Amino acid sequence: MPDHTYAPVPVIHHPIPLRPGAHGAVVPAAPAGLPAVTSVQLPDGRIVTGYTLTPAPTVPGRPAGSVPAWAKTTALLAPSVGGGVAAGGIGLSYAAPGLIAMSHALWSAAALLVAAVIAVPLALRTARRALTGDSGSGGTVRTTTHITQNITATGLFGRANGTINHH
Numbered sequence: 162m163p164d165h166t167y168a169p170v171p172v173i174h175h176p177i178p179l180r181p182g183a184h185g186a187v188v189p190a191a192p193a194g195l196p197a198v199t200s201v202q203l204p205d206g207r208i209v210t211g212y213t214l215t216p217a218p219t220v221p222g223r224p225a226g227s228v229p230a231w232a233k234t235t236a237l238l239a240p241s242v243g244g245g246v247a248a249g250g251i252g253l254s255y256a257a258p259g260l261i262a263m264s265h266a267l268w269s270a271a272a273l274l275v276a277a278v279i280a281v282p283l284a285l286r287t288a289r290r291a292l293t294g295d296s297g298s299g300g301t302v303r304t305t306t307h308i309t310q311n312i313t314a315t316g317l318f319g320r321a322n323g324t325i326n327h328h
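Quick note: my numbering has the sequence shown finishing at residue 328, numbered continuously throughout.
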């Protein structure tokens, strides 16, 4: 007896026209317009009619031994990525002396800027003393003007009033 796997078949409970079978058995004919309906005679003699399951179309699988697309892409990208890293390393090795020289030049420029910030006010002070004749030793009496300013305001957003006094 052949080994068959059966899926549950819904039973149709309406009268079906009969037709003669292959071995003289009477088999019900398939209802018109329902191509997926078949009738089966069970070993005990009963005839069961139901919907047959049509197998879903299968997508052919990948043959054994073939390489997946992602692996091909990765294999093609690996040399270009490695070559890019190698080219970058070679470029940095050629650029290293220039980068070192540029960093020394940057430090020199920073030192020059700091020296200018300190030296320019000193030079201006010296030039002003030379033009006014003040040697800073007390020989010439300098007169200085003191300005005082008094400002008052009432409240947080009140109007401010002020006076300026020259002494």
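Using N, Cα and C, we set each Cβ at its ideal position, and we do this for glycine too.
A quick note: this is a predicted structure, and the numbers were derived from the prediction, not measured.
Residue 245 and residue 267 have their C-alpha atoms some 30 angstroms from each other. Within the model, the alpha-carbon separation for residue 251 versus residue 259 is close to 14 angstroms. Contact check for residue 310 against residue 323 passes: the beta carbons are separated by less than 8 angstroms.
Per DSSP, the continuous beta strand (DSSP E) segment holding residue 209 begins and ends at 208-212. Going by beta carbons, residue 210 and residue 228 fall outside the 8 angstroms limit. Secondary structure at residue 281: helix, using DSSP grouped into helix, strand and coil.
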